[in-house]
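Q:
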Amino acid sequence: MTIHGFAAAAAAFERADYIEALTILNGALADTPNSDVLSLLGATLEKLGLLAEAAESFEQAARSGSPQAALLLKKAAALHFAAGNDDAAQLIGLRLRKALPDDIDLAHILAQSCMRSGDRMLATQMAPVLVNSNRRDHLEMAGHLLSDDERDPILLTLFSKLAALDPDDPFAQFKHLSVARNFCDYAAIERIERDFLPRAIAAGAAMLCGETGYSNLLHCSDERLNRLATNNTTTAGADIMTLGSQRRMRPHTWTEKIRIGYLSNDLWDDHATMRLFQSVLKAHDRDRFDITLYCYTPERFVGFDGGNRKTWGRIVPIGAISDAEAAEAIRRDGIDILIDLKGHTGGSRAGILNRLVAPVQAAWLGFPGSTVDVDCDYVIGDPIVLPDSSKPHYHEKFCRMPETYQPNDPVHRALPPAKSRAELGLPEDKVVLAAFNTARKIGLTVVDCWAEILGRVPQTMLWVMIDGTLARENFLKAMEKRGVTPDRIIFAPKTDYADHIARLQAADFGLDTFPYNGHTTTSDKLWAGLPVVTFRGTNFASRVSESLLTALSLPELVADDREGFVELAVKLAGSAEELEPLKRKIAENRFRAPLFDAERFCRHLEAGYQAMAARAKNRLPPEHFDVPALPARTSSFR
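Per our numbering, the sequence shown starts with residue 62, numbered consecutively.
1) How would you write the range of the beta strand (DSSP E) that I321 sits in, first residue to last?
2) Going straight from the alpha carbon of P94 to that of L155, what length do you get?
3) Using a Cβ-Cβ cutoff of less than 6 Å, which residues in the same chain neighbour I413 once the five nearest sequence positions on both sides are dropped?
4) Taking 6 Å as the limit between beta carbons, can you name the residues of its chain near S608, skipping five residues before and five after?
5) Name, in chain order, the residues that DSSP records as bridge partners for D687.
6) Have a look at S306 and L399 and give me their C-alpha separation to the nearest angstrom.
7) Throw me the rounded Cβ distance for the L289 and G265 pair, which I believe falls under 8 Å.
8) Could you name each continuous alpha helix (DSSP H) segment of 4 residues or more that falls completely within the segment 69-134, going from the start of the chain to the end?
9) Below 6 Å CB to CB, which residues in the same chain sit around T629 once its five sequence neighbours on both sides are set aside?
10) Using the C-alpha atoms, what's the distance from A71 back to S178?
11) Using a 10 Å radius around the Cβ and a threshold of 16 neighbouring Cβ atoms, would you call Q520 buried or exposed?
12) Based on DSSP bridge pairs, tell me the residues matched to G673.
13) Any idea what DSSP makes of G412, helix, strand or coil?
14) Tell me the rounded alpha-carbon separation between R212 and K555.
15) Report yes if the CB atom of F235 is closer than 8 Å to the CB atom of S276, and no otherwise.
16) Roughly how many angstroms lie between the CA atoms of V508 and S603, to the nearest whole one?
17) Alpha carbons only, please: which of A137, Y247, Q422, P576 is nearest the one belonging to A122?
18) Between T506, A693, L99, G126, which lies nearest to A654 when the distance is taken from Cα to Cα?
19) Starting from A620, follow its DSSP beta bridges and name the residues at the other end.
20) Can you tell me which residues form a DSSP beta bridge with I550?
21) Only counting runs of 4 or more residues, tell me where the alpha helix (DSSP H) segments fall wholly within the segment 464-493, in order along the chain.
22) In this structure, does DSSP put Q422 in helix, strand or coil?
23) Measuring only the C-alpha atoms, how far is D436 from F626?
24) Considering only residues of the same chain and omitting the five flanking positions on each side of P477, which have a CB-CB separation below 7 Å?
25) Applying the criterion that 16 or more other CB atoms from any shown protein chain within 10 Å of the CB defines a buried residue, is I153 buried or exposed?
26) If distances are taken between C-alpha atoms only, which option among A248, Q671, M540, R76 comes closest to C510?
27) Going along the chain, which residues of its own chain have a beta-carbon closer than 6 Å to the beta-carbon of V192, five neighbours each way excluded?
28) Helix, strand or coil for P682, going by three-state DSSP, please let me know.
29) Given R664, which residues of its chain have a CB within under 7 Å of its CB, disregarding the five upstream and five downstream residues?
30) Identify which residue in K644, Y323, K222, C245 has its Cα closest to the Cα of G404.
31) Taking only runs that begin and end inside the segment 230-257, name each unbroken alpha helix (DSSP H) of 4 or more residues, in chain order.
32) Just the Cα atoms here: how many angstroms apart are R309 and R680?
33) In three-state terms, what does DSSP make of T291?
34) Going by DSSP, name the residue or residues bridged to Y439.
35) In the structure shown, what three-state DSSP assignment does I352 receive?
36) Can you tell which of I503, I647, L337, F459 has the C-alpha that lies nearest to the C-alpha of A475?
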């Protein structure tokens with residue numbers, strides 16, 4: 062093509078006369094076109110909406126010896142993606158990554174294309190590059206790819222950037238807060254709690270809906286506000302009260318036995334939930350109850366099972382079918398009472414309950430609060446975690462166990478001999494305070510309290526289980542800022558369950574977290590014989606340790622408030638004479654008090670199921686009720 066011809070085509074392009082430009086360029090294609098001609102042709106075809114043809118022109122331009130070959134190929138990949146040709150976009154993009162490994166636009170093209178074609182694994186490889194961008198669409202794509210694992214440090218950078226781009230975006234702010242908790246990033250936590258949370262609370266549901274229910278419980282013990290954190294709740298598609306009424310009016314055939322269905326993805330014997338629950342499952346009276354477990358546990362975890370699954374009851378795998386198909390399978394089985402064991406926690410399929418499945422539906426154990434937006438008739442609790450004052454904040458009616466809502470397994474739970482302090486690298490001459498809750502539960506108020514306790518009792522050491530270098534460094538800085546030097550903090554590594562119980566016994570006593578208490582963490586400490594200090598909370602999640610301590614006849618370890626918590630811990634840390642009677646009491650009550658009495662718990666639970674079924678059979682709506690306690694045991698249940 063002559064210089065004059067190219068200039069004419071370029072001039073036509075500049076004045077947006079793309080047909081004229083294309084006509085001139087097409088006339089020159091009989092000659093061997095150079096990269097400039099092919100590039101202009103590609104740009105012209107793009108303007109005319111011929112995206113696939115434009116992409117091919119840019120590819121030819123790149124192959125014609127242009128010094129801008131990499132940029133031309135990137136343009137071709139973008140056009141192939143825009144044209145819906147994901148195979149071509151990925152083929153070019155993946156080859157080009159060798160030359161442009163840090164190119165953000167190329168990473169974005171590949172990420173979008175891979176996601177559209179269903180290759181999330183490959184798309185996720187683009188996320189670290191996207192995080193280097195300051196563009197919102199790039200960062201949001203990275204967040205979409207990475208947000209399933211909040212333990213990845215790159216998320217701190219990602220959500221810090223997203224939060225800075227829009228200080229009023231509730232999703233970005235709450236996600237940043239959630240990730241910051243995993244890494245003890247107290248500077249970010251303090252900033253968000255100071256600058257954003259008051260505005261979010263004032264706005265109510267309009268902003269609090271950007272937070273997940275679980276994340277909200279980590280910093281908020283106000284039940285009114287807990288209900289508004291609905292980022293990960295199931296949308297029912299209709300008012301759940303209407304759904305419940307429709308469900309309860311459906312025809313149902315009752316039999317002599319009550320058919321119980323449990324719904325969970327935690328069904329392997331080394332999961333924390335099953336360490337609590339499996340002896341209760343096995344204790345069910347099969348003459349009065351049929352038990353079915355609807356299991357969507359990932360296969361990789363089922364493979365970890367130690368052989369106990371087969372003793373729990375009939376297991377129906379539903380992991381490979383849809384919610385609609387799972388609901389139909391449960392209906393075909395004629396389940397009378399369906400118990401969701403997950404609520405608003407990771408991987409939950411609580412939305413199955415919004416498909417008119419069983420005449421009675423209840424939530425229990427997995428989520429310490431109301432299962433907002435899920436059609437549940439009942440939530441199973443106890444008078445401590447669900448006092449009467451909580452009723453206005455739940456759409457579910459309360460089925461309250463007489464002693465504690467939490468089952469505990471005294472059979473399959475390891476109880477090895479104590480490890481010595483020498484084995485664990487703990488000082489013999491110090492008071493060791495064990496605080497083994499996860500990092501995300503250790504908020505600023507907890508740090509303040511723990512630091513005050515250590516400051517007032519110089520002979521104390523804090524033994525914590527915080528994973529990762531960054532989180533540990535941040536925690537040490539926060540404690541040092543409050544006057545506690547790093548040499549008074551001991552980090553415990555992860556270990557298997559039996560070793561964990563053995564090492565717990567080397568501590569003097571445990572410190573709780575708030576507003577989200579230790580749950581299984583607290584019962585593990587008590588099982589190991591370790592006293593745990595807590596204080597009374599104002600929602601389910603912050604009342605759990607009180608419930609567990611009371612069920613082990615240890616109400617003296619429950620302070621009235623935060624100040625009382627500090628005073629009680631200081632008192633115990635300064636007096637071995639106070640601790641020894643508490644440890645003896647735990648040892649004496651372990652196999653006598655209700656907390657670890659799985660058979661007794663099961664009988665109470667079954668009484669609750671019978672009461673639920675009786676109302677449903679008589680077409681009565683759900684109502685609050687308390688299960689009466691069996692007579693107290695006078696001897697060991699072991």
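We put the CB at the ideal spot given by N, CA and C, even for glycine.
A: Result, derived from the coordinates:
1) 319-325
2) 27 Å
3) D384, A387, A388
4) D443, I445, V446, T465
5) R461
6) 16 Å
7) 6 Å
8) 79-89, 96-108, 112-124
9) With the sequence shown as reference, residue 629 is identified as Leu, and Thr is not the correct amino acid for it. Counting only Cβ-Cβ distances below 6 Å, and skipping sequence neighbours, we find V594, A620.
10) 37 Å
11) exposed
12) The identity of residue 673 in the sequence shown is Met, whereas the question assumes Gly. Paired residue(s): none; M673 is not in a bridge.
13) helix
14) 15 Å
15) yes
16) 16 Å
17) A137
18) A693
19) F596
20) L523
21) 482-485
22) strand
23) 38 Å
24) A559, I562, A563
25) buried
26) M540
27) A203, I215, T218, L219
28) coil
29) L691
30) Y323
31) 231-243, 247-256
32) 8 Å
33) coil
34) A423, K458
35) strand
36) L337
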